[in-house]
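Peer 1:
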Ligand SMILES: Cc1cc2nc3c(=O)[nH]c(=O)nc-3n(C[C@H](O)[C@H](O)[C@H](O)COP(=O)(O)OP(=O)(O)OC[C@H]3O[C@@H](n4cnc5c(N)ncnc54)[C@H](O)[C@@H]3O)c2cc1C
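In our numbering, the protein residues as written are 142 to 560.
1) Could you compute how far the alpha carbon of residue 413 sits from the alpha carbon of residue 545?
2) When the Cα atoms are used, what is the spatial distance from residue 468 to residue 242?
3) From what residue to what residue does the beta strand (DSSP E) around residue 332 run?
4) Which term fits residue 303, buried or exposed, when burial requires 16 or more other beta carbons within 10 angstroms of its beta carbon?
5) Is it buried or exposed, residue 389, if we count other Cβ atoms within 10 angstroms and call 16 or more buried?
6) Per DSSP, which one or two residues make a beta bridge with residue 455?
7) For residue 448 and residue 348, what's the separation of their Cα atoms in angstroms?
8) Buried or exposed for residue 408, please, with buried defined as at least 16 other CB atoms from any protein chain shown within 10 angstroms of its CB.
9) Over the uninterrupted alpha helix (DSSP H) stretch that includes residue 223, give me the two end residues.
10) Rounding to the nearest angstrom, what Cα-Cα distance links residue 525 and residue 393 in this structure?
11) Within its chain, find whatever has a CB closer than 7 Å to the CB of residue 562; leave out the 5 residues flanking it on each side and keep chain order.
12) In its own chain, which residues sit with a C-beta less than 8 Å from the C-beta of residue 156, not counting the 5 before and 5 after it?
13) Terminal residues of the continuous alpha helix (DSSP H) containing residue 299?
14) Consider the C-beta atom of residue 500 and the heavy atoms of ligand 3; say whether any pair is separated by less than 8 Å.
15) Where do the N-terminal and C-terminal ends of the alpha helix (DSSP H) with residue 558 fall, by residue?
16) If you compare alpha carbons, which of 183, 501 and 422 is closest to residue 313?
17) Residue 301: beta carbon under 8 Å from a heavy atom of ligand 1?
18) Per DSSP, what are the beta-bridge partners of residue 364 in this structure?
19) What does DSSP give as the partner residue(s) for residue 386 in the beta ladder?
20) Sorry if obvious, but does the Cβ on residue 515 come closer than 8 Å to a heavy atom of ligand 1?
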């Protein structure tokens with residue numbers, strides 16, 4: 142049901158400034174945490190606004206607690222693995238690893254990390270709107286536990302995953318497939334734990350009695366059990382819709398939970414007789430919403446053709462991975478050899494002190510299906526934090542920073558790009 146009407150209201154409010162910083166990062170997922178860390182490492186005062194009570198984005202909030210392999214384990218992502226997932230650290234940066242981690246441990250690790258890096262985190266602070274003057278952002282307004290508050294900055298990095306700040310600032314955007322705007326479906330992730338003894342399967346009211354693999358929402362089993370601790374991470378629910386649409390999300394939150402119980406009931410009768418449901422993510426996972434239109438748009442052609450760019454900020458060989466947007470049970474998976482993501486995908490012509498990092502960068506539907514995974518978002522965030530500092534120090538528009546300087550400084554931080 143869509144209850145939108147054409148009625149509008151003008152909102153005029155006086156909002157006091159809660160804090161000012163050099164760099165304001167909005168969204169504390171993979172891109173946002175890396176961006177905040179790196180801007181702080183460049184000597185900038187950084188405030189990170191996060192709408193939930195935890196950092197890590199989909200990795201923690203959405204319980205997407207496995208990093209997909211991208212073939213370039215470098216920079217802050219590599220540092221995280223070396224500090225908290227040591228057993229997975231590859232010898233060489235160009236090896237692929239795919240660590241499964243505890244979302245609770247990552248959440249704690251990121252909290253501690255922000256303290257060490259002197260990033261001021263404001264939890265439960267949801268971006269609401271921008272204050273713009275002559276093509277620059279002056280401040281963002283956020284809804285906080287103390288009502289609406291303004292956060293002033295010199296540079297802004299939108300890591301909301303939805304391009305929420307950029308869109309409010311007037312940056313054009315696209316959503317979903319070029320032909321019909323449909324996005325990848327949503328998935329509520331959950332975990333099961335081996336109890337070592339038979340459990341009694343339970344099918345709550347309103348749930349589905351799946352009889353075979355073909356009946357399952359994705360028509361397949363998809364889970365990970367890597368750490369020998371009896372914990373199964375399950376990615377098997379699927380709900381059609383766009384995670385930036387109120388009605389679609391309303392439906393997804395209830396339907397996906399039905400599917401969770403139904404899949405658990407199925408697994409408990411088909412191979413996982415001793416496993417109990419141990420954790421359900423606090424919110425449905427959103428794969429795809431909005432892509433900003435930046436100075437360059439990454440395409441399927443670039444991804445498939447292994448395109449290299451002189452302004453590279455991240456590299457990946459993660460596959461094209463499109464869960465069917467049509468409500469079908471299929472997944473389009475295609476291996477790729479590796480390609481570059483250029484800096485220009487993170488900036489627009491319009492706002493001179495705003496970047497977008499993470500899954501909402503300028504990319505087509507197919508290209509984003511590959512670049513969206515967490516390790517790539519950490520890499521983009523690291524570059525964005527650095528770029529913000531360079532723009533401040535050189536007094537130029539964010540789109541005009543020296544790529545040579547960016548690459549030079551990233552290389553000092555052990556960020557390695559394959560030639
Ligand atoms: C079901 C599912 C399975 C996936 N599987 C994998 C996988 O196996 N491995 C892998 O590596 N990747 C996987 N991905 C992809 C990956 O998790 C995401 O693409 C990645 O987390 C995107 O990072 P991000 O930083 O751009 O955004 P997000 O992780 O979405 O983080 C955005 C952050 O911004 C915050 N935020 C949003 N709006 C606001 C606002 N208005 N104000 C303040 N804060 C805001 C959010 O709370 C969140 O913390 C999966 C994704 C989903 C949904």
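Yeah, the Cβ is synthetic: ideal placement off N, Cα and C, and Gly gets one too.
Peer 2: To lay it out plainly:
1) 54 Å
2) 30 Å
3) It spans 331–335 - the beta strand (DSSP E) in which residue 332 sits, taken as one unbroken run.
4) It counts as buried.
5) buried
6) Partner(s): 482.
7) 46 Å
8) buried
9) 216–225
10) 32 Å
11) Only positions 142 to 560 of the chain appear in the structure, and residue 562 is not among them; the question remains open.
12) Cβ-Cβ distances below 8 Å link residue 156 to 282, 289, 290 and 291 in the same chain, with the five nearest sequence neighbours on each side left out; the list follows chain order.
13) Taken as a continuous stretch (DSSP letters only), residue 299 belongs to no alpha helix (DSSP H), being part of the beta strand (DSSP E) at 296–299.
14) This structure simply doesn't include ligand 3; it includes ligand 1 instead.
15) Run containing residue 558: none; DSSP gives neither H nor E here.
16) Comparing Cα-Cα distances from residue 313 to each of 183, 501 and 422, the minimum goes to 501.
17) yes
18) Note: residue 364 sits in a beta bridge opposite 375.
19) Per DSSP, none; premise fails for residue 386.
20) Checking the Cβ of residue 515 against ligand 1 gives yes.
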